[in-house]
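What follows is a short report on a single structure.
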Amino acid sequence: MVSTITLPGSTVATLTVTTPSDREVQITRIFDAPRPMVFDCWTVPELLKGWLHGPDGWRLAVCEIDLRVGGATRYVWQHRDGRSMGMSGAYREIVRPSRIVASELFDEDWTGGETVGTVTFAEQTGKTLLTQTVLYASQAARDGALGTGMTSGMAESYAQLDSYLASLQDAAKGAA
Numbered sequence: 034m035v036s037t038i039t040l041p042g043s044t045v046a047t048l049t050v051t052t053p054s055d056r057e058v059q060i061t062r063i064f065d066a067p068r069p070m071v072f073d074c075w076t077v078p079e080l081l082k083g084w085l086h087g088p089d090g091w092r093l094a095v096c097e098i099d100l101r102v103g104g105a106t107r108y109v110w111q112h113r114d115g116r117s118m119g120m121s122g123a124y125r126e127i128v129r130p131s132r133i134v135a136s137e138l139f140d141e142d143w144t145g146g147e148t149v150g151t152v153t154f155a156e157q158t159g160k161t162l163l164t165q166t167v168l169y170a171s172q173a174a175r176d177g178a179l180g181t182g183m184t185s186g187m188a189e190s191y192a193q194l195d196s197y198l199a200s201l202q203d204a205a206k207g208a209a
């Protein structure tokens, strides 16, 4: 399966979704920002809170990161109506600024068990090719996750990251 979601008004906002195996989903997208900046936006809590929001009123309220192999992560999204959704995990591999591997498990386990996410950041002439691969516990878990509309949610989050990266670069230019 390959699907491509192109967001309006952007030259780099093509999200490609594939299923490289019966348990994996792989998402790729190019960001118009240098690799170390994109890596930091994935690993620095204050930066993650600037872009990793869900749709329809969800905000990342708690973001705890112990960025070392074996270190824990904790994310809690809060909805404006009071609902919350949490996820915990642990880092398995960190190669700054090119690769992160971490486990993830939602508090309300809708993904059929722990997933393992691998994110790679590849430099491409001043831009960053981000590849995120999620390995699910089973094919049914992967298919269930795909059935939730996760790819459109990821496209929205990546669009938010794209805008956030642009604002960080603008701020850096203004400070220079």
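Under the numbering used here, the first residue of the sequence shown carries the number 34, and numbering increases by one thereafter. Backbone N, C-alpha and C define an ideal beta-carbon position, used for all residues, glycine too. Bear in mind the structure is a predicted one, so any value in this text is a computation, not a measurement.
Item: Inspect the beta-carbon positions of residue 163 and residue 154 and report whether they are closer than 7 Å.; Value: yes
Item: Between residue 107 and residue 95, how many whole angstroms is the CB-CB distance? I'm expecting something under 8 Å.; Value: 6 Å
Item: How many whole angstroms separate the CB atoms of residue 68 and residue 48, which I take to be in contact at a CB cut-off of 8 Å?; Value: Not a contact, Cβ separation roughly 18 Å.
Item: Can you list, in chain order, the residues of its chain with a C-beta nearer than 7 Å to that of residue 189? Leave out the 5 residues immediately preceding and following it.; Value: 88
Item: Just how far apart, CA to CA, sit residue 40 and residue 59?; Value: Low local confidence applies: a pLDDT of 44 at residue 40 is under 50, so the model's placement there is unreliable, and no value is given.
Item: Determine the DSSP secondary structure at residue 188, reduced to helix, strand or coil.; Value: helix
Item: Mind checking who residue 137 pairs with in its DSSP beta bridge?; Value: 122, 148
Item: Are residue 110 and residue 84 closer than 7 Å when you measure CB to CB?; Value: no
Item: Just tell me which of 65, 54, 117, 77 has its CA closest to the CA of residue 141.; Value: 117
Item: What is the rounded straight-line gap between the Cα of residue 93 and the Cα of residue 54?; Value: 30 Å
Item: Pull up the DSSP beta-bridge partners for residue 71, would you.; Value: Answer is none; residue 71 lacks a bridge partner.
Item: Just to confirm, is the Cβ distance from residue 165 to residue 152 under 7 Å?; Value: yes
Item: Mark residue 159 as exposed unless 16 or more other C-beta atoms lie within 10 angstroms of its C-beta, in which case mark it buried.; Value: exposed
Item: Consult DSSP for residue 117 and reduce its assignment to one of helix, strand or coil.; Value: strand
Item: Look at the Cβ atom of residue 184, then the Cβ atom of residue 64, and state whether they are nearer than 7 Å.; Value: no
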